[in-house]
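Participant:
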Amino acid sequence: MRLLQITIPAGKRETLLSTLDDEGIDYVVSDETSGREFDAIAHIPLPTNAVESVLEQLREVGLDEDAYIVVLDANTVVSRRFTKLQEEYDENRIARDELVAAASELVPSTNTYILMTIVSALIATAGLLLDSPAVVVGSMVIAPLVGPAMSASIGTVVSEQRMFVRGIYLQVMGLLLAIIAAFAFAFVVRNVNLIPPITDVTAVPEIRERIAPDFLSLVIAIGAGVAGIVSLTTGVSTALVGVMIAVALIPPAATVGIGLAWGAPLVTLGSGVLLLVNVLSINLAAMVVLWYSGYRPQHWFKTGHARQAMLKRAATLLVAIAVLSAFLGGVTLDSYQRANTDEAIQEEVQTTVDQFETTHDIELLSVEVSYPRAVPFQDPDRIVVRIGIPPGESLSGLATLIRERVAAETGHNVDTEVRYVQTERG
404 MRLLQITIPA
414 GKRETLLSTL
424 DDEGIDYVVS
434 DETSGREFDA
444 IAHIPLPTNA
454 VESVLEQLRE
464 VGLDEDAYIV
474 VLDANTVVSR
484 RFTKLQEEYD
494 ENRIARDELV
504 AAASELVPST
514 NTYILMTIVS
524 ALIATAGLLL
534 DSPAVVVGSM
544 VIAPLVGPAM
554 SASIGTVVSE
564 QRMFVRGIYL
574 QVMGLLLAII
584 AAFAFAFVVR
594 NVNLIPPITD
604 VTAVPEIRER
614 IAPDFLSLVI
624 AIGAGVAGIV
634 SLTTGVSTAL
644 VGVMIAVALI
654 PPAATVGIGL
664 AWGAPLVTLG
674 SGVLLLVNVL
684 SINLAAMVVL
694 WYSGYRPQHW
704 FKTGHARQAM
714 LKRAATLLVA
724 IAVLSAFLGG
734 VTLDSYQRAN
744 TDEAIQEEVQ
754 TTVDQFETTH
764 DIELLSVEVS
774 YPRAVPFQDP
784 DRIVVRIGIP
794 PGESLSGLAT
804 LIRERVAAET
814 GHNVDTEVRY
824 VQTERG
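Heads up: take any position in the sequence shown, counting from 1, add 403, and you land on my numbering.
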């Protein structure tokens with residue numbers, strides 16, 4: 404529920420109040436005694452989703468843009484007429500003006516935004532290098548990225564050009580700052596040895612998750628955009644949704660910086676693509692959901708312009724996402740092929756060991772398939788097979804046989820190592 408406080412312009416009192424009476428809306432009027440161009444102040448309790456409709460009607464009959472409109476939260480309204488009004492406006496959606504104000508409040512001052520973005524990027528970088536999920540999550544909580552992402556979409560739909568430009572500017576600046584801060588911090592960490600040396604950053608699980616994005620990453624980003632804008636339009640707290648959006652942006656940006664600091668172009672490429680796909684998808688999802696939720700510019704003659712701008716920007720985002728999705732598709736296909744290759748190697752090793760079991764008392768314990776680096780589009784380069792054998796028994800030639808069989812069946816000539824583990828059972 405909301406409580407509207409509206410200053411009524413001189414000469415418009417009867418017209419505005421009769422409009423409220425016609426709609427069956429209760430109000431309380433007090434005189435405005437400041438001596439300005441206003442006659443009175445109206446206090447109007449309304450259901451949340453009725454605010455926009457009522458303001459539109461009041462503007463049509465004389466409430467001009469110079470009037471003061473204050474929208475407050477109302478905890479309880481006891482009135483039969485208000486209950487009927489709630490039944491009439493049962494959709495849970497805040498007014499356009501309130502939406503614009505809420506998005507503006509989510510964007511901190513420039514200095515605060517810069518500081519919090521840099522701090523969150525530094526914490527994310529530390530968490531990634533330490534392989535600490537808890538630290539990475541902490542960096543997302545303080546990241547101030549939800550406001551700019553939502554502002555750009557809202558600015559497009561309601562034709563607020565300044566809000567759109569500021570949202571885009573802050574997003575670009577924030578992500579560049581995050582990458583630069585992550586690069587500088589990772590460079591210092593690497594060269595000053597603040598942690599044990601990391602020769603291959605792709606071996607760190609938290610980093611490895613961000614360098615091989617697939618189509619599921621697209622689902623996460625779209626979900627974050629939808630959740631962000633729905634939380635705003637329904638007046639729900641955006642704190643947790645802000646974390647969701649930061650999940651899609653801060654860790655990939657920090658990973659890009661780490662890749663630059665370690666001179667690992669594949670790490671930079673993979674995480675960079677993930678970052679771009681995420682930020683574009685968040686903006687697209689938020690803009691489309693907002694438009695189809697029924698939000699439009701305040702003035703009807705701007706609706707056509709807003710629609711054209713929305714379609715043009717949505718098309719641009721779609722094309723960019725489609726181009727980047729080619730990489731996601733390649734990674735998804737590579738993951739599928741890698742899983743099939745691993746399974747085929749497992750089967751061939753098992754078949755070879757089964758043949759030996761007919762003449763030797765041996766048991767296959769494990770098969771490990773290794774790749775040169777934990778990045779997409781790599782062929783296996785090593786197989787490590789652990790075989791259990793009785794004490795005192797020895798075997799030879801099994802590694803060569805496994806290698807030849809794997810090469811014949813899968814087309815991969817892979818270095819094969821067999822480790823014999825003496826096992827005794829009682």
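Virtual Cβ for every residue (Gly too), placed ideally from N, Cα, C. Only a predicted model underlies this, so the values are computations on that prediction, with no experimental measurement involved.
Put P448 into one of helix, strand or coil per three-state DSSP.
Facilitator: Strand, per DSSP.
Participant: Thinking C-alpha only, which one of V480, T636, D757, M519 is nearest Y695?
Facilitator: Nearest option by C-alpha distance: T636.
Participant: Below 8 Å, can you find three or more Cβ-Cβ pairs linking the segment 505–513 to the segment 542–550?
Facilitator: Taking 8 Å as the limit for Cβ pairs, the verdict is that the segment 542–550 does touch the segment 505–513.
Participant: How should S738 be labelled, buried or exposed, when 16 other C-beta atoms within 10 angstroms of its C-beta is the threshold for buried?
Facilitator: S738 is exposed by the Cβ-count criterion.
Participant: Taking all protein chains shown into account, do 16 or more other C-beta atoms lie within 10 angstroms of the C-beta of L619, making it buried, or fewer, making it exposed?
Facilitator: L619 comes out exposed.
Participant: Just list the beta strand (DSSP E) runs in the segment 773–809, keeping only unbroken ones of 3 residues or longer that don't cross its boundaries, in chain order.
Facilitator: The segment 773–809 contains these whole beta strand (DSSP E) runs: 785–792.
Participant: For D425, report the span of its alpha helix (DSSP H) as first-last.
Facilitator: Where D425 is concerned, the enclosing alpha helix (DSSP H) stretches over 416–425.
Participant: Beta-carbon separation of F586 and L672 under 7 Å?
Facilitator: Contact flag unset, no.
Participant: Look up R822 in the DSSP assignment and say whether it is helix, strand or coil.
Facilitator: Three-state result, R822: strand.
Participant: Count the other CB atoms, across all protein chains shown, that sit within 10 Å of the CB of Q753; report buried if there are 16 or more and exposed otherwise.
Facilitator: Result: exposed.
Participant: Just confirm the distance between the C-beta atoms of I557 and A504, as a whole number of angstroms; I'd bet it's less than 8 Å.
Facilitator: The Cβ separation is near 10 Å, so there is no contact.
Participant: Does DSSP put I428 in a helix, in a strand, or in coil?
Facilitator: I428: coil per DSSP, three-state reduction.
Participant: What three-state label does DSSP hand T658 in the structure shown?
Facilitator: Helix at T658.
Participant: In or out: R439 buried (at least 16 other Cβ within 10 Å) or exposed?
Facilitator: Flag for R439 reads exposed.
Participant: Over the uninterrupted beta strand (DSSP E) stretch that includes I836, give me the two end residues.
Facilitator: In the structure as shown, the chain starts at 404 and stops at 829, and residue 836 therefore has no counterpart that could be examined.
Participant: Excluding the five sequence neighbours on either side, which residues of its own chain have a C-beta within less than 7 Å of the C-beta of V789, listed in chain order?
Facilitator: The sequence shown places Arg at residue 789, rather than the Val named in the question. Contacts found: L768, S769, R822, V824.
Participant: If we call anything under 7 Å between Cβ atoms a contact, is R593 one with P655?
Facilitator: For R593 and P655, no; Cβs fall outside 7 Å.
Participant: Using the rule of at least 16 other Cβ atoms within 10 Å of the residue's Cβ for burial, across every protein chain shown, is N596 buried or exposed?
Facilitator: With fewer than 16 Cβ atoms within 10 Å of its Cβ, N596 is classed as exposed.
Participant: In angstroms, rounded to a whole number, what distance separates the CA positions of E455 and L720?
Facilitator: One C-alpha to the other measures close to 29 Å.
Participant: Between which residues of its own chain and H763 is the CB-CB distance below 6 Å, once the five residues before and five after are set aside?
Facilitator: Closer than 6 Å at the Cβ level, and outside the excluded window around H763, lies no residue.
Participant: Could you check where the alpha helix (DSSP H) with R710 kicks off and where it finishes?
Facilitator: Taken as a continuous stretch (DSSP letters only), the alpha helix (DSSP H) holding R710 covers 706–760.
Participant: Excluding the 5 residues preceding and the 5 following L804 in the sequence, name in chain order all residues of the same chain whose CB lies nearer than 6 Å to its CB.
Facilitator: Cβ within range, chain order: T755.
Participant: T410 lies in the beta strand (DSSP E); which residues open and close that run?
Facilitator: Per DSSP, T410 belongs to the beta strand (DSSP E) from 405–412.
Participant: Contact defined as beta carbons within less than 8 Å: I believe I411 pairs with F441. What is the distance between those atoms, to the nearest angstrom?
Facilitator: With a Cβ gap of about 6 Å, I411 and F441 count as contacting.
Participant: Quick one: give me the first and last residue of the alpha helix (DSSP H) that D500 is part of.
Facilitator: Run containing D500: 499–509, per the alpha helix (DSSP H) assignment.
Participant: Just the C-alpha distance for V432 and S684, rounded to the nearest angstrom, thanks.
Facilitator: Answer to the nearest angstrom: the Cα atoms are 47 Å apart.
Participant: In angstroms, rounded to a whole number, what distance separates the CA positions of L731 and R611?
Facilitator: Going from the Cα of L731 to the Cα of R611 covers about 15 Å.
Participant: According to DSSP, what are the bridge partners of V770?
Facilitator: According to DSSP, V770 bridges with V788.
Participant: Looking only at its own chain, which residues have a Cβ that is under 8 Å from the Cβ of K415, when we skip the five neighbours before and after it?
Facilitator: So the list reads D442, V464, G465, L466, once near-sequence residues are dropped.
Participant: Tell me the DSSP secondary structure of S542 in three-state form.
Facilitator: Here S542 sits in helix by DSSP.
Participant: Starting from S674, trace the alpha helix (DSSP H) in both directions and tell me its first and last residue.
Facilitator: Here the alpha helix (DSSP H) through S674 covers 668–695.
Participant: Assign P450 to one of two classes, buried (16 or more other C-beta atoms within 10 Å of its C-beta) or exposed (fewer than that).
Facilitator: It is buried - the Cβ of P450 has at least 16 other Cβ atoms within 10 Å.
Participant: Since P783 and T826 should fall inside the 8 Å C-beta cutoff, what is the C-beta to C-beta distance between them, to a whole number of angstroms?
Facilitator: With a Cβ gap of about 27 Å, P783 and T826 do not count as contacting.
Participant: For a test of the three-state rule: what should DSSP assign to G615, helix, strand or coil?
Facilitator: It should be noted that the sequence gives Ala, not Gly, for residue 615. Note: A615 maps to coil in three-state DSSP.
Participant: Does the beta-carbon of I598 have 16 or more other beta-carbons within 10 angstroms, so that it is buried, or is it exposed?
Facilitator: Per the 10 Å Cβ criterion, exposed.
Participant: Give the C-beta separation of A589 and L532 to the nearest angstrom, bearing in mind that I take them to be a contact with Cβ-Cβ under 8 Å.
Facilitator: Indeed they touch by this definition, with Cβ atoms about 7 Å apart.
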